[in-house]
Amino acid sequence: MFSEELAKYDWDETTRRILSKRPADVEAALGRERPTLDDFMALVSPAAAAYLEPMARLSRRYTQERFGKTISMYVPMYITNSCSNSCVYCGFNRHNKFERVILTPQQIEDECRAIRRLAPFENLLLVTGENPRDAGVDYIEKALQVCRPYFNNLTIEVMPLASEEYYRLTQSGLNGVVCFQETYNRANYNIYHPAGMKSRFEWRVNGFDRMGQAGVHKIGMGVLIGLEEWRTDVTMMALHLQYLRKHYWKTRYSVNFPRMRPSEGHFQPNVVMSDRELAQLTFAFRIFDRDVDISVSTRECASFRNNIATLGATSMSAGSKTDPGGYYTYPQSLEQFSVSDERTPAQVEADIRKAGYEVVWKDWDKIFD
Ligand code: SF4
10 MFSEELAKYD
20 WDETTRRILS
30 KRPADVEAAL
40 GRERPTLDDF
50 MALVSPAAAA
60 YLEPMARLSR
70 RYTQERFGKT
80 ISMYVPMYIT
90 NSCSNSCVYC
100 GFNRHNKFER
110 VILTPQQIED
120 ECRAIRRLAP
130 FENLLLVTGE
140 NPRDAGVDYI
150 EKALQVCRPY
160 FNNLTIEVMP
170 LASEEYYRLT
180 QSGLNGVVCF
190 QETYNRANYN
200 IYHPAGMKSR
210 FEWRVNGFDR
220 MGQAGVHKIG
230 MGVLIGLEEW
240 RTDVTMMALH
250 LQYLRKHYWK
260 TRYSVNFPRM
270 RPSEGHFQPN
280 VVMSDRELAQ
290 LTFAFRIFDR
300 DVDISVSTRE
310 CASFRNNIAT
320 LGATSMSAGS
330 KTDPGGYYTY
340 PQSLEQFSVS
350 DERTPAQVEA
360 DIRKAGYEVV
370 WKDWDKIFD
């Protein structure tokens with residue numbers, strides 16, 4: 010399990026190693042055909058900030074060689090905001106008083122229809138809070154069955170499950186699973202996740218092994234930028250990705266690095282990442298792993314997304330609503346976070362095409378399941 014691998018890396022020592030990187034280390038990393046984890050540390054280090062241009066060129070080249078000039082589109086559908094956890098940075102935190110919604114199968118179907126009217130999305134990301142009692146595996150399975158006729162590719166972002174449960178869902182049309190570790194800092198993890206199932210660090214971090222064991226076709230990973238030293242967190246995520254590729258080599262992988270945005274919880278980020286640093290991180294990941302899908306959500310603003318679409322990103326959401334029922338005019342409930350890019354899917358598509366890139370709505374067919 011990955012937790013055993015992670016235990017070999019000391020957080021503070023890793024931070025020191027990253028901060029001690031010099032220009033010569035960055036140049037060596039840029040020249041390496043197969044960059045190592047140590048090279049990755051150089052690429053995310055402060056020393057690499059002066060190399061943004063060559064990093065961008067390399068990232069663009071590797072991305073075009075592997076993915077062509079394409080951006081794959083997906084749309085999130087929040088089906089419940091009910092949650093038994095108390096993540097201090099999240100508006101769905103169980104201590105926040107507001108009316109919780111668990112969409113019924115009929116309401117989920119209404120959302121499917123509303124999304125299909127919005128744009129020709131085929132990649133759907135079903136998102137829930139974590140409430141195993143009232144919206145557990147049976148509920149998620151039912152939601153997948155409802156959505157299946159409307160979309161060719163179904164991904165879930167829900168509580169970590171047991172391996173058998175992931176397997177069971179693959180039999181109901183599940184293609185991918187996204188899970189955010191949020192932070193790999195074991196010592197501080199419970200400051201942000203003090204109670205509920207999410208407070209169990211090992212259960213969460215080893216969830217990716219369980220997805221791999223269940224044969225999930227695509228696994229999405231992410232850390233939340235704003236909690237801990239981001240350079241160390243993303244290095245641990247790169248280590249995790251390397252580990253998963255070795256053990257579950259049939260699976261495809263994606264990464265995402267959302268920057269924390271304002272929420273009902275009024276949590277102030279401990280760490281602020283600039284646009285230049287987010288670009289540096291995107292380039293570093295692309296140079297480190299040429300096959301990984303790099304996803305950029307509507308948390309980021311339109312101009313940043315337009316630029317990064319030609320420099321390393323490979324998938325994007327558009328027109329996102331982060332409140333359950335949000336596509337079908339249900340009374341707006343609380344959003345998990347506010348989106349920054351409020352363009353319609355058609356506007357996002359037009360901007361991507363203007364940059365000379367193809368928009369891919371469908372890259373998977375149900376028939377492959
Ligand atoms: S981040 Fe997820 S698990 Fe945590 S409170 Fe929000 S919805 Fe619940």
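Just so you know, we're using this note's numbering here: the sequence shown kicks off at 10 and counts up by one. Glycine included, every Cβ here is placed at the ideal spot set by N, Cα and C. This structure is a prediction, so every number in the text was calculated from the model and none was measured.
Taking the Cα of lysine 78 as reference, the smallest distance to any Cα among Val214, Ile317, Tyr336 and Thr353 is reached at Ile317.
A straight-line Cα-Cα distance of about 9 Å links serine 81 and serine 304. Rounded to the nearest whole angstrom, the C-alpha separation of leucine 248 and leucine 46 is 7 Å.
Residues close to the ligand SF4 by the beta carbon criterion (under 6 Å to any non-hydrogen atom) are, from first to last along the chain, Cys92, Asn94, Cys96, Cys99, Phe101, Asn102, Gly138, Glu139 and Lys207. Residues Ile80, Met82, Glu358, Ile361 and Arg362 of the same chain have their beta carbon placed closer than 7 Å to that of valine 368, with the five preceding and five following residues left out of the count.
Distances from the CA of methionine 50 to each of Lys30, Leu39, Tyr60 and Leu61 were compared; the closest alpha carbon is that of Lys30. Within the model, the alpha-carbon separation for tyrosine 198 versus lysine 371 is close to 37 Å. Counting other Cβ atoms within 10 Å of its Cβ, glutamate 131 reaches 16 or more and is therefore classed as buried. Just so you know, the alpha carbons of arginine 125 and isoleucine 111 end up roughly 21 Å apart. For glycine 182, DSSP assigns no beta-bridge partner whatsoever. Per DSSP, glycine 216 is one residue of the alpha helix (DSSP H) stretching across 216–222.
For proline 85, DSSP records a beta bridge to Leu134.
Collapsing the DSSP output to three states places glycine 235 in coil.
Just measuring C-alpha positions, the residue of Asn279, Arg254 and Arg109 sitting nearest aspartate 332 is Arg109. DSSP places methionine 64 in the helix class (H, G or I) of the three-state scheme. For leucine 112, the three-state secondary structure derived from DSSP is coil.
Threonine 79 is bridged by DSSP to Glu367. When the alpha-carbon of serine 208 is set against those of Ala196, Asp218 and Phe217, the nearest one is in Ala196.
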